[in-house]
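Undergrad:
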Amino acid sequence: MRIALFMFFSLLTSFVYADAVVGNNPNEVIHSVSSNTFARINAEKNKLETQPGYIKVIIEEELIPYFDYKYAAYKVMGAHLKKTTKEQRNDFVSAFRDYLVNAYGHILYEYDQQEIEILDNSHFKDKRIISIPVRIRDKNGQVTQIAFKLRKNKKTGEWKVFDVIAEGISMLNTKQSEFGDLIHKKGIDHVIALLEKKNNEF
């Protein structure tokens, strides 16, 4: 799963800052957020060297606004969703969101100028969910094939990322299996507490 998380941040490498990203074109979202994120990392490299935890601030400001973490969290809960209270759902979404920030923070901190080729998907006008393929080449020339899944909000028309598939492995499906099994065995409150504990271990 580490590779899937890493690929998510490797993709996220516009010409404007994140709050101006055009959300109604999924290709523009990917290109823009990518450029913004890595421009921010390069600009604040000195600060990151002395304050590694600052990477989480960058993620919060540049990435999370364009990640549909609530939808992803609900998918992770799966069939257990109907058995939870509103408070439990809100707590899980919050803990899962922080888990993503924390997990991605560890991986994005290791970013090392990989070459990234985003293959635009032009067939999105009449769809609500699409995939955007990406090729990533490391320093040794090894290429990794990934795909980012985005979902269109039917109310706002905005596209947001909710899953990443690296070499056929879905981050969302993996977390659904991992956390779903724990919810079944230990209950949702146990999983929320576990996530909150992990979130404090950056």
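Per my numbering, the very first residue in the sequence shown carries number 1225; after that it's consecutive. Glycine included, every Cβ here is placed at the ideal spot set by N, Cα and C.
1. Quick one: using the 10 Å Cβ neighbour count with 16 as the cut-off for buried, is Lys1280 buried or exposed?
2. CB-CB under 7 Å to Ala1244, same chain, minus the five flanking residues each way: which ones, in chain order?
3. What is the DSSP secondary structure of Thr1368, reduced to helix, strand or coil?
4. Looking only at its own chain, which residues have a Cβ that is under 8 Å from the Cβ of Gln1312, when we skip the five neighbours before and after it?
5. Mind checking Leu1297: buried by the 16 CB within 10 Å criterion, or exposed?
6. Taking all protein chains shown into account, decide if Val1240 is buried (16 or more other Cβ within 10 angstroms of its Cβ) or exposed.
7. For Phe1291, write down the residues that DSSP places opposite it in a beta bridge.
8. By how many angstroms is the C-alpha of Lys1271 removed from the C-alpha of Ser1394?
9. Below 8 Å on the Cβ atoms is my guess for Ile1265 versus Ile1282; work out the distance and round it to an integer in Å.
10. Are the C-beta atoms of Asn1251 and some chain D residue less than 8 Å apart?
11. Return the chain-ordered list of same chain residues with a C-beta closer than 7 Å to the C-beta of Val1325, the five sequence neighbours on each side being excluded.
TA: Considering the structure as presented:
1. buried
2. Unreliable placement is indicated for Ala1244, whose pLDDT of 44 sits below 50; the coordinate value is still reported in the next sentence. The answer is none, since no qualifying residue turns up.
3. Per DSSP, reduced to three states, the secondary structure at Thr1368 is strand.
4. Ile1412, Asp1413 and Ile1416
5. Residue identity differs from the one stated: residue 1297 is Ala in this sequence, not Leu. Classification of Ala1297: buried, given that the 10 Å Cβ count is 16 or more.
6. Residue placement at Val1240 is flagged as unreliable, the pLDDT there being 33, under the threshold of 50; the coordinate-derived value follows with that caveat. Looking at its Cβ environment, which holds fewer than 16 other Cβ atoms inside 10 Å, Val1240 is exposed.
7. Val1385
8. 33 Å
9. 6 Å
10. Here there is only one protein chain, and chain D is not present.
11. Lys1280, Ile1283, Glu1284 and Ile1288
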